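To start, the structure itself, in structure tokens.
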Amino acid sequence: MSFDVEAATAAYVDGLGEEALAQAAAYTSGNQWLMLWGLLISAIVTLIIVRTGLLTKTANKLSKRGFFIRVFSISAVYLVVSELLELPWSVFAGWWRETEYGRTSQPLMDFLGQGLLALAISVLLFGIFLVAIYAFIQKAKKLWWLWGGAFSGVFVAFLMMVGPTYIAPLFNDYQPVPPGEVRDAIDAMAIDAGIPTDRVFMYDGSRQSNNFTANVAGIGDAARIAISDVALDEATLDEVKAVTGHEIGHYKLGHVWDGVFLTIVIVMASFYIAYKAFSPVARLFGAREDIGDPSTLPVLLFLVGVITMFTQPVSNTLSRMNETEADHYSYEMVNLPDGMASALVKTAEYRNPRPGTLEEWLFYTHPSVERRVRAAMEWKANHPEG
Numbered sequence: 059m060s061f062d063v064e065a066a067t068a069a070y071v072d073g074l075g076e077e078a079l080a081q082a083a084a085y086t087s088g089n090q091w092l093m094l095w096g097l098l099i100s101a102i103v104t105l106i107i108v109r110t111g112l113l114t115k116t117a118n119k120l121s122k123r124g125f126f127i128r129v130f131s132i133s134a135v136y137l138v139v140s141e142l143l144e145l146p147w148s149v150f151a152g153w154w155r156e157t158e159y160g161r162t163s164q165p166l167m168d169f170l171g172q173g174l175l176a177l178a179i180s181v182l183l184f185g186i187f188l189v190a191i192y193a194f195i196q197k198a199k200k201l202w203w204l205w206g207g208a209f210s211g212v213f214v215a216f217l218m219m220v221g222p223t224y225i226a227p228l229f230n231d232y233q234p235v236p237p238g239e240v241r242d243a244i245d246a247m248a249i250d251a252g253i254p255t256d257r258v259f260m261y262d263g264s265r266q267s268n269n270f271t272a273n274v275a276g277i278g279d280a281a282r283i284a285i286s287d288v289a290l291d292e293a294t295l296d297e298v299k300a301v302t303g304h305e306i307g308h309y310k311l312g313h314v315w316d317g318v319f320l321t322i323v324i325v326m327a328s329f330y331i332a333y334k335a336f337s338p339v340a341r342l343f344g345a346r347e348d349i350g351d352p353s354t355l356p357v358l359l360f361l362v363g364v365i366t367m368f369t370q371p372v373s374n375t376l377s378r379m380n381e382t383e384a385d386h387y388s389y390e391m392v393n394l395p396d397g398m399a400s401a402l403v404k405t406a407e408y409r410n411p412r413p414g415t416l417e418e419w420l421f422y423t424h425p426s427v428e429r430r431v432r433a434a435m436e437w438k439a440n441h442p443e444g
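In this text, residue positions in the sequence shown follow this note's numbering: the first is 59, and each later residue adds one.
Put into structure tokens, the structure is as follows:
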């Protein structure tokens with residue numbers, strides 16, 4: 059009797075139960091609406107900051123200071139004030155809603171504390187980034203968007219080098235996987251793939267999220283594979299090996315560089331369109347029509363945010379392609395399609411496993427769980443274990 063791929067796929071996905079599937083669909087749909095509501099919140103915050111003249115007053119007080127101090131200070135004021143204005147929305151979308159859906163057990167004060175830390179880091183790093191962007195606007199004139207986009211790629215690469223070592227540990231505790239059969243299996247896979255075993259970590263992802271997850275971060279010597287304690291606590295050995303094979307695939311296939319290149323292209327395009335559309339949008343908000351004036355920063359960032367949101371289908375498509383490649387790498391490495399399928403079903407608790415075709419294309423950074431499980435079952439049908 060031949061193996062029935064469709065029946066096996068349905069068995070895995072339907073195994074979640076109707077209630078869990080309905081909740082996953084509602085949660086996912088809600089996340090998509092949050093993107094649109096977030097855009098409206100951003101527009102309101104931009105309007106408030108522009109109409110109060112806060113940044114113009116800050117610029118006037120710093121008119122005799124040097125370029126770096128002036129632009130950095132204006133950027134810092136904007137980042138702090140906008141974060142305060144958006145705080146109720148951030149708490150609702152990032153904590154309260156996640157708590158209601160059972161996606162996080164993080165206490166509110168810890169959520170706020172980590173948000174404050176993230177803001178401090180953002181003010182420092184993004185403030186420096188914005189100083190560079192305004193320097194390009196002043197020096198490169200009409201080609202500032204080209205230089206700004208290229209610099210964005212360098213900046214992202216820098217963050218990828220310092221992030222895993224210096225930034226991520228501020229939010230989570232990264233430790234070697236505890237000794238045992240799971241550690242032995244992961245170390246053996248890393249050695250087989252030519253990856254130093256000290257590049258594989260477990261982190262306390264349960265601090266922020268109850269999601270079953272793992273990731274690859276960093277470039278060069280800072281690159282690492284990190285598996286959440288949620289995944290390690292809930293997974294079987296086969297699931298751990300399948301998921302680790304997937305993450306090793308990202309590492310070995312150099313997908314991080316795809317992201318850097320795409321960032322350069324998208325930021326360049328976003329800067330260029332923002333440059334062309336700046337004057338009418340600035341008038342709409344009541345701001346000066348000088349894109350080189352740092353006090354008009356809220357308008358520039360709002361424009362870039364809107365444009366970037368509309369480019370998401372492009373970045374999502376590349377991401378889905380990379381995820382598919384990483385899945386296949388795992389199958390070729392450990393040949394555990396059932397381990398992968400059962401692990402994927404656990405991610406369906408927070409990601410609708412059966413989206414429509416258009417919904418998947420627009421919003422999904424990963425192929426749908428149903429599509430990935432079907433691919434796993436097709437692999438199983440064509441590659442019997444052993």
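Idealized CB from N, CA, C, for every residue including glycine.
Predicted model only: the values in this text are computed from it and were never measured.
Cβ distance (whole Å) where residue i is taken to contact residue j below 8 Å
i: N269; j: R161; result: 6 Å
i: I132; j: A117; result: 6 Å
i: A101; j: F259; result: 40 Å between Cβ atoms; not a contact.
i: V181; j: L137; result: 5 Å
i: W202; j: F194; result: 4 Å
i: F297; j: A439; result: At residue 297 the sequence reads Glu, which differs from the Phe that was named. That pair is no contact at about 20 Å.
i: Y261; j: A275; result: Going by Cβ atoms, the distance from Y261 to A275 rounds to 10 Å, so no, they are not a contact pair.
DSSP-derived helix/strand/coil call for residue i
i: V240; result: helix
i: N440; result: helix
i: S267; result: coil
i: A190; result: helix
i: A251; result: coil
i: G414; result: coil
i: R123; result: coil
i: F61; result: coil
i: L79; result: helix
i: H308; result: helix
i: S163; result: coil
i: T423; result: coil
i: G96; result: helix
i: N118; result: helix
i: N89; result: helix
i: R109; result: helix
i: A332; result: helix
i: E297; result: helix
i: E407; result: coil
i: G152; result: helix
i: E144; result: coil
i: G73; result: coil
i: L394; result: coil
Per DSSP, cross-strand counterpart(s) of residue i
i: R282; result: A275
i: F259; result: A284
i: W233; result: Checking the sequence, you will find Gln at residue 233 rather than Trp. Bridge partners of Q233: M260.
Through-space distance from residue j to residue i, alpha-carbon basis
i: A327; j: F368; result: 11 Å
i: V431; j: W91; result: 26 Å
i: G444; j: G263; result: Note that G444 scores a pLDDT of 49, beneath 50, so its modelled location is shaky and nothing firm can be said.
i: D351; j: R109; result: 16 Å
i: V423; j: V325; result: According to the sequence provided, residue 423 is Thr. The question's Val does not apply to it. So the two alpha carbons sit approximately 18 Å from each other.
i: F336; j: G171; result: 35 Å
i: V71; j: L295; result: 20 Å
i: G124; j: L217; result: 26 Å
i: P140; j: P222; result: Residue 140 is actually Ser in this sequence, not Pro. Looking at the two C-alpha atoms, the distance is approximately 27 Å.
i: P146; j: W154; result: 10 Å
i: I99; j: A84; result: 22 Å
i: P234; j: L97; result: 40 Å
i: A78; j: G317; result: 33 Å
i: V214; j: K200; result: 23 Å
i: G447; j: S87; result: The requested residue 447 is not part of the displayed model; the chain covers only 59 to 444.
i: H441; j: N380; result: 22 Å
i: T114; j: G75; result: 56 Å
i: S353; j: R128; result: 10 Å
i: D250; j: D385; result: 17 Å
i: S148; j: Q81; result: 22 Å
i: E383; j: K334; result: 37 Å
i: A345; j: F319; result: 33 Å
i: I322; j: V314; result: 13 Å
i: T435; j: T67; result: Note that residue 435 is Met in the sequence shown here, rather than Thr. In a straight line, the C-alpha of M435 is about 7 Å away from that of T67.
i: H304; j: L290; result: 15 Å
i: T255; j: S377; result: 26 Å
Requested in this report: Pick out the complete alpha helix (DSSP H) segments inside the stretch 335-391, 4 residues or longer, and give them in chain order.
Outcome: 355-368
Query raised in the report: At what residue ranges does the stretch 168-222 contain a whole run of the alpha helix (DSSP H), taking only runs of 4 or more?
Result: 202-220
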